[in-house]
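Peer 1:
4 protein chains.
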Amino acid sequence: MHLTEKKGGQRHMKNVAVIGGAGYAGIELVRYLLGHPGFDLVAVTSDQDAGTALAELYPALTGRTDLAFVGHGVVDGMAELDAAFLAVPHTAAMEMAPALLGRGICVFDLSADFRLKDAAVYERFYGARHSAPELLAQAVYGLPEVNRPLLKQQAQGREGTPASVPRSALVACPGCYPTASTLALAPALAAGFAAEGTAVVNAVSGVSGAGRTPRQGNHFCSANENVNAYGVATHRHLPEIAQVLAWQAGRRVPVVFTPHLAPLTRGLLATATLPLGPGACARALEDAYGAAYEEETFVQLLPYGTMPRTASVVGTNNAQVGIVLDEGNNVLVASCAIDNLGKGAASQAVQCANIVFGFEEAQGLVTNPGVV
Amino acid sequence: MHLTEKKGGQRHMKNVAVIGGAGYAGIELVRYLLGHPGFDLVAVTSDQDAGTALAELYPALTGRTDLAFVGHGVVDGMAELDAAFLAVPHTAAMEMAPALLGRGICVFDLSADFRLKDAAVYERFYGARHSAPELLAQAVYGLPEVNRPLLKQQAQGREGTPASVPRSALVACPGCYPTASTLALAPALAAGFAAEGTAVVNAVSGVSGAGRTPRQGNHFCSANENVNAYGVATHRHLPEIAQVLAWQAGRRVPVVFTPHLAPLTRGLLATATLPLGPGACARALEDAYGAAYEEETFVQLLPYGTMPRTASVVGTNNAQVGIVLDEGNNVLVASCAIDNLGKGAASQAVQCANIVFGFEEAQGLVTNPGVV
Amino acid sequence: MHLTEKKGGQRHMKNVAVIGGAGYAGIELVRYLLGHPGFDLVAVTSDQDAGTALAELYPALTGRTDLAFVGHGVVDGMAELDAAFLAVPHTAAMEMAPALLGRGICVFDLSADFRLKDAAVYERFYGARHSAPELLAQAVYGLPEVNRPLLKQQAQGREGTPASVPRSALVACPGCYPTASTLALAPALAAGFAAEGTAVVNAVSGVSGAGRTPRQGNHFCSANENVNAYGVATHRHLPEIAQVLAWQAGRRVPVVFTPHLAPLTRGLLATATLPLGPGACARALEDAYGAAYEEETFVQLLPYGTMPRTASVVGTNNAQVGIVLDEGNNVLVASCAIDNLGKGAASQAVQCANIVFGFEEAQGLVTNPGVV
Amino acid sequence: MHLTEKKGGQRHMKNVAVIGGAGYAGIELVRYLLGHPGFDLVAVTSDQDAGTALAELYPALTGRTDLAFVGHGVVDGMAELDAAFLAVPHTAAMEMAPALLGRGICVFDLSADFRLKDAAVYERFYGARHSAPELLAQAVYGLPEVNRPLLKQQAQGREGTPASVPRSALVACPGCYPTASTLALAPALAAGFAAEGTAVVNAVSGVSGAGRTPRQGNHFCSANENVNAYGVATHRHLPEIAQVLAWQAGRRVPVVFTPHLAPLTRGLLATATLPLGPGACARALEDAYGAAYEEETFVQLLPYGTMPRTASVVGTNNAQVGIVLDEGNNVLVASCAIDNLGKGAASQAVQCANIVFGFEEAQGLVTNPGVV
């Protein structure tokens, strides 16, 4: 219906679909895309919930949309789809992406399948053979604050490409922990302040980060009134963090990464320590971070010494960053708060899509969440 | 600056101020007014926090507004103010309202000072003499779903009034419990289904309902992992509930009201039972509620038998209502979920202001909160 | 090993098993029985977790017990078992009880299978045919505060019975909602204060009440920051509440019962309203409640007008009760807080077992939980 | 009354008082001491709440104790006091301790006043001049797992001292963060596995750690659904951690310490990373930790690779420790969970008192908290 209605119209909205829309990241994509003036959400798929109204699964959407979930296969027959947001589990995404790209559809993949440049590392951490390794080089890691030029190039590439070349872009949207870890440390690494030592990233995530499928670990009585570390030295976001920190530093950066679970629905905090070289001082750090983020709409550097609260960014695409120099140890302590489903997943994907489709980068992303 | 800039302009935005903007209802007003296309938020007052940036007290507003709190007195000198939202404690509002009205400024009072028509009842429940009882008759109880005609009349009155008459309107915005209780029961009462017996309203509120001032009772360790009733038979919202239910029924409705506190930041649920007369049946109730709410943007009647979740309305101006007929007892069980700071306070005030100023009723109120 | 060791000994401890010990009520039974001086916990069964150490499933038990779960069948071969606590789902309990009773083993059934005296009501509300209806009359409803004489009679019966009669007792341990509802209303009903009208019970339960099996509804992100009613007019505890209130009143008491879910791990609050007859006054109510509970170890009547907090009873066998007379409506408002897993399940079962086995009623039940 | 009653009796219980008993650590001391077979709790002081029953302030104590708070001064006149637990703010403790010690009363100080050996460091971090620096050398740091010999020496000293020497002991009970941090790292440091680099300790505490006085930061709506770091590089527990880690390592250990607040009432998790020297391997670490803790009643080493949950230790004196070797970086990741009010404050003080008074170390400390 939506598609039909637009076919005859003279319009510049882009038709988009969310593949795997019943999960938390998927429905958060729906939330942002419903309010986006440049994207028309034409399909939300879920094989498991096909036929169910979105508002039935998520009653908060009552009155906001009449869409119902359709099966994944419905997308195959859609003639005028401009982009697909993949919110399916890893391995499923790499099965779907090639065909979509072949049809000239831009793919914004929220799974991990195209984040790592090295298929061998993927296979080690994800325990699965990569079925489309030839796409890894072409995939753009979608963290606009560090990769905006490459994302913009996709946009230009798409405009100017000859007819024989698929006009589609493949954006690998970052994981939640890598997003926060990178935004905490990138300016110091890029400015060359780091010494040789090991970066230590401790992070705390809300329970929505573990997905919507009921499990013992996300049972209310298990997660409530509890904090614990998990996935020490083995978490799948570790190589992704190492990869993007290395890009920033221009060299390998040793990272110890320890994620924790805390009793929040949403919100993610990464607190990182980075040993600094002789030249670093509080003022220089402040300047480097200020310069890195002053033009960024979605990253807010707090006054030196003020640490961010996850509550301040929940429901938004914002990242808030705070830094302190531990002078006695000459170690930077940087903390970054994001919404794991927002800047850590769905809204960051939309931010990338805005860039790739030539919209204003903040289009549809300046939300107005409760601040209490 | 905001004011200056607009003085020269050709525009139709209304200048509004939030008086008492540092508390939870006040800052929620700010949230809605910042995103409202018809209102220009020119001042947010707080004697205690004057000089502090809003974003310093509420870091979630970083990048959203440069406003700083000003003292209440600043409003006295504002020449072109169209409306004031009073989010001050009761008794303070009745001191401020007359002067504002005298200056032709519309007053949307979120305190309890103008809700009760009978000053004696006010004085009994609030323990204070009413200083402006002459305004009680004129004040419009701002629950649009039951009082829209009166609110619209304010708008018309304002347009057509002769110069000698102050063009200002006084809207008494409802309490959070009365809002939810009324929306749960009004259609059954208005349709004449109720028998003679006592309505029983049990309600559960999130902790933000108790205000921002730190007290033992809203200490995290006191409120967390706890539920308790409070204010039994004496809560200040009791006479307000009784007053508005009586309007609906056309007769006095005996009400037992028991509010509870639960470990939520936001959200309020009122579950009411109402003894029914002989003619009532599930179908008739469904029809009455359906008819009452089908044109309402902000009240969503759930399918018969489905009870609302507070999580579904948090961050919105929505109320979700569910009904069940307990056939064995011929008693209606109706439950209504609202955001105590939204439909129960700030956004409902804006909804009233939209009506009074002739804007679309949903202007600036269709938010897009996280649904997970 | 435990059993063997004791065989040769001269001792008076009773050997007990928990059947279905991996769920929340089961493990709470384990908690109380491990610390009980009169019971020796010889087996904890779980077909699903057989072979797993209790401390592996519940790390808080590390260092407290070396027991591992065994299959249900292991209990069949235990020669010297004195009592079995059934913490299995309904229908499973009625399959197991007859054989246990036949072996002379006392059964404390925490399921619903023997609570209702009328098999037809059971079948209507539980949707299953009762396989042992002949035991319903003999089963003692295990709410000591209202049924202590019958429980004591079990003890005496057990001592003095001739050899041909099985010495076993069958105790149907009450549901969590009925326990709190009854303790809130029983003294007023027993004293004859109630008028003809309908009692309205609204209750709020923590999420552990819904069991340990992961489901969408007990996912942290679903239960957190949410309150909702459920099971309106159909909840399985409704006929049980009606049955026990009728015992107290000596006549049928119409009850509207509406349970709610709130974001707590443990804790249950029942707030009940009861229309009163002409003679009732605050003093008389206070006296009746005072008299009913002054000798009760586990029910604490709070000062008139003080309402109980669930946090005050979590981790204990205590019930705290508060009452207020709504004088305008001549309606009693009574609120009772319990731990749904304690007085609402496991510790109340142990309290019953203490009575049946002739131990001091508070044996092993005076816990010392954190009060913050 | 309590005192009088005992004066005539032939008994060996020790009379103890809690000074500053109305706060969270104080009332947790009360909880443990009420159930302790060797200590008789004769007074609980609070200048602010003098005259109020403990059970009025903490309704969970209803039926557990009839004690009421008395003013601090009441302790001055108590003739037969054996020990005082100081749960007063820092600086208040150092004012009280000398007089108590002078009267031969053992002092277990839960404040920070006697933890640091260097008065200058105290003055730098606590912003106050130390009024009893001469006691710092004598004070024993009360972490039994690393300081048991010194604590036992107090006991022996007390028994054998000549009449002229005060028989009193001064125990400086550790802070919550230092307790968890030390238990996480001590075995590796004591075994000499650490390389030269910086230890990084990230910790997460429940809100009760911030005290009972209502403040904006412990308002439910501020702490709920939020995580943030605070006190970076300046937290008062930092020098205490450094001091005790240095004792273990036999040399200065550089430490970066970043505490966080999470929405829990109780529970504290410290996750520490420690760069290791060439010889370390998983097996060697496991052996060292196993050897260090196998005889400890209150420290439970989890299987290698299993990380502790704070929920598993809440309400107990237990610490649970998990370790993982990050082989790629040759860095130990160790995590320790405690109850900040238990092992992090009150129950650890009682553990020390057990040692000093020659009781069994676990006396009164094997609690049975809910495990769900």
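Residue numbers (the working numbering), protein chains in the order written: chain Y, 2 to 373; chain U, 2 to 373; chain B, 2 to 373; chain F, 2 to 373.
For every residue, glycine included, the Cβ atom is placed at its ideal position computed from N, Cα and C.
This structure is a prediction, so every number in the text was calculated from the model and none was measured.
Answer with yes or no whether the minimum CB distance from threonine 266 of chain Y to chain B is below 7 Å.
Peer 2: Answer yes: the Cβ-Cβ gap between threonine 266 of chain Y and chain B drops below 7 Å somewhere.
Peer 1: Among F/Ala173, F/Gln244, F/Leu262 and F/Val245, whose alpha-carbon lies nearest the alpha-carbon of serine 206 of chain F?
Peer 2: Taking only the C-alpha atoms, the option nearest serine 206 of chain F is F/Leu262.
Peer 1: My output table needs one value for valine 43 of chain B: the three-state DSSP class, helix, strand or coil.
Peer 2: Residue state, collapsed to three classes: strand.
Peer 1: Extract the residue ranges of the beta strand (DSSP E) inside the segment 102-153 of chain Y, only unbroken runs of 3 or more that lie entirely within it.
Peer 2: Those beta strand (DSSP E) runs which fall completely within the segment 102-153 of chain Y and span 3+ residues are 107-110.
Peer 1: What are the boundary residues of the beta strand (DSSP E) that valine 327 of chain B is part of?
Peer 2: This sequence places aspartate at residue 327 of chain B; valine is not what is there. Note, aspartate 327 of chain B: beta strand (DSSP E), 320-327.
Peer 1: Using a 10 Å radius around the Cβ and a threshold of 16 neighbouring Cβ atoms, would you call proline 175 of chain B buried or exposed?
Peer 2: The residue is buried, with at least 16 neighbouring Cβ atoms inside 10 Å.
Peer 1: Using 8 Å as the cut-off, can you tell me whether the segment 274-281 of chain U makes contact with the segment 279-290 of chain B, which would need three or more C-beta pairs spanning the two stretches below that distance?
Peer 2: At 8 Å Cβ cutoff, the stretches do not touch.
Peer 1: Around the Cβ of glutamate 29 of chain Y, are there at least 16 other Cβ atoms within 10 angstroms (buried) or fewer (exposed)?
Peer 2: Glutamate 29 of chain Y comes out buried.
Peer 1: Taking alanine 335 of chain U as part of the beta strand (DSSP E), name the residues at either end of that continuous run.
Peer 2: Start and end: 332-339.
Peer 1: Just the chain F side, please: which residues come within less than 7 Å of serine 209 of chain U by C-beta, in chain order?
Peer 2: Ordered by position in chain F, the residues that pass the 7 Å Cβ test against serine 209 of chain U are Cys222.
Peer 1: Assuming leucine 136 of chain Y and proline 99 of chain Y form a contact by the criterion Cβ under 8 Å, report the distance between their Cβ atoms to the nearest whole angstrom.
Peer 2: With a Cβ gap of about 7 Å, leucine 136 of chain Y and proline 99 of chain Y count as contacting.
Peer 1: Using a Cβ-Cβ cutoff of less than 7 Å, which residues in the same chain neighbour asparagine 341 of chain U once the five nearest sequence positions on both sides are dropped?
Peer 2: Once the five neighbours on either side are set aside, the close Cβ partners of asparagine 341 of chain U are Cys177, Ser206, Gly207, Ser209, Gly210, Arg267, Gly268 and Leu269.
Peer 1: Does any CB atom of chain C fall closer than 7 Å to the CB of leucine 286 of chain B?
Peer 2: Included in the structure are the protein chains Y, U, B and F, with no chain C among them.
Peer 1: Between the segment 363-373 of chain F and the segment 42-49 of chain F, do three or more beta carbon pairs fall short of 8 Å?
Peer 2: Because the criterion of three Cβ pairs below 8 Å is not met, the segment 363-373 of chain F and the segment 42-49 of chain F do not touch.
Peer 1: Look at the alpha carbon of methionine 14 of chain F and the alpha carbon of glutamine 352 of chain F, and state the distance between them as a whole number of angstroms.
Peer 2: Straight-line Cα distance between these residues: approximately 16 Å.
Peer 1: Please name the residue or residues paired with proline 99 of chain B in a DSSP beta bridge.
Peer 2: Answer by DSSP bridge pairing: none, since proline 99 of chain B is not bridged.
Peer 1: Can you name the residues that DSSP bridges to alanine 235 of chain U?
Peer 2: The amino acid at residue 235 of chain U is misidentified as alanine; the sequence shows threonine. Threonine 235 of chain U is not bridged to any residue.
Peer 1: Using 7 Å as the limit for Cβ to Cβ distance, is isoleucine 356 of chain F near chain B?
Peer 2: No, isoleucine 356 of chain F lies away from the interface with chain B (no Cβ there is under 7 Å from its Cβ).
Peer 1: Buried or exposed: where does aspartate 77 of chain F fall if 16 or more other Cβ atoms within 10 Å of its Cβ makes it buried?
Peer 2: Exposed, by the Cβ-count rule.
Peer 1: The alpha helix (DSSP H) with valine 351 of chain F in it runs from where to where?
Peer 2: It spans 347-357 - the alpha helix (DSSP H) in which valine 351 of chain F sits, taken as one unbroken run.
Peer 1: Alanine 120 of chain Y: which of Y/Thr307, Y/Ala140 and Y/Arg104 sits nearest, CA to CA?
Peer 2: For the residues Y/Thr307, Y/Ala140 and Y/Arg104, the minimum Cα distance to alanine 120 of chain Y belongs to Y/Ala140.
Peer 1: Taking only beta carbons into account, state which residues of the segment 18-45 of chain B come closer than 8 Å to chain Y, listed in chain order.
Peer 2: Going along the segment 18-45 of chain B in chain order, one finds Tyr25 with a Cβ nearer than 8 Å to chain Y.
Peer 1: Take histidine 238 of chain U as the anchor and find which of U/Leu171, U/Val257 and U/Glu57 has the nearest alpha-carbon.
Peer 2: Considering only alpha carbons, the answer is U/Val257.
Peer 1: Residues of the segment 327-342 of chain U with a CB closer than 8 Å to any CB of chain B: list them in chain order, please.
Peer 2: Within the segment 327-342 of chain U, the qualifying residues are Asp327, Glu328, Gly329, Asn330, Val332, Val334, Ser336 and Ala338.
Peer 1: Taking DSSP's pairing of strands, which residues face alanine 84 of chain U in a bridge?
Peer 2: DSSP output for alanine 84 of chain U lists U/Val17 and U/Cys107 as bridge partner(s).
Peer 1: Are any of the Cβ atoms in chain B nearer than 7 Å to that of proline 260 of chain U?
Peer 2: No, no contact with chain B.
Peer 1: On a Cα-Cα basis, can you pick out the residue from B/Val108, B/Arg104 and B/Gly371 that is closest to alanine 88 of chain B?
Peer 2: Comparing Cα positions, the closest option is B/Val108.
Peer 1: Counting pairs of beta carbons, one from the segment 300-314 of chain F and one from the segment 233-248 of chain F, are three or more of them closer than 8 Å?
Peer 2: Judged by Cβ distances under 8 Å, the segment 300-314 of chain F makes no contact with the segment 233-248 of chain F, as fewer than three pairs qualify.
Peer 1: Using a Cβ-Cβ cutoff of 7 Å, what residues of the segment 58-74 of chain F are near chain B? List them in chain order.
Peer 2: Taking 7 Å as the Cβ-Cβ cut-off against chain B, the residues of the segment 58-74 of chain F that qualify are Tyr59, Pro60, Ala61, Leu62, Thr63 and Gly64.
Peer 1: Name, please, each residue of chain F whose Cβ falls closer than 7 Å to the Cβ of glutamate 362 of chain Y.
Peer 2: Ordered by position in chain F, no residue passes the 7 Å Cβ test against glutamate 362 of chain Y, which lies about 27 Å from the chain.
Peer 1: Taking Cβ-Cβ distances shorter than 8 Å, what residues in chain U pair up with glycine 280 of chain Y?
Peer 2: Within chain U, no residue comes near glycine 280 of chain Y; the closest Cβ sits about 30 Å away, beyond 8 Å.
Peer 1: Helix, strand or coil for arginine 310 of chain F? Go by DSSP, reduced to three states.
Peer 2: In the structure shown, arginine 310 of chain F sits in a strand (DSSP, three-state: E or B).
Peer 1: Apply the 10 Å Cβ neighbour rule to proline 240 of chain Y and answer buried if 16 or more other Cβ atoms are within range, or exposed otherwise.
Peer 2: By the 10 Å Cβ count, proline 240 of chain Y comes out buried.
Peer 1: Where do the N-terminal and C-terminal ends of the beta strand (DSSP E) with alanine 54 of chain U fall, by residue?
Peer 2: Element bounds for alanine 54 of chain U: n/a, residue is neither H nor E.
Peer 1: Please return the same chain residues whose Cβ sits closer than 7 Å to the Cβ of leucine 151 of chain U, not counting the five positions on each side in sequence.
Peer 2: Excluding positions up to five away in sequence, the list reads Val141.
Peer 1: With 7 Å set as the bound, which would you pick, yes or no: does the beta-carbon of proline 240 of chain U sit closer than that to a beta-carbon of chain F?
Peer 2: Cβ-Cβ to chain F under 7 Å: no for proline 240 of chain U.
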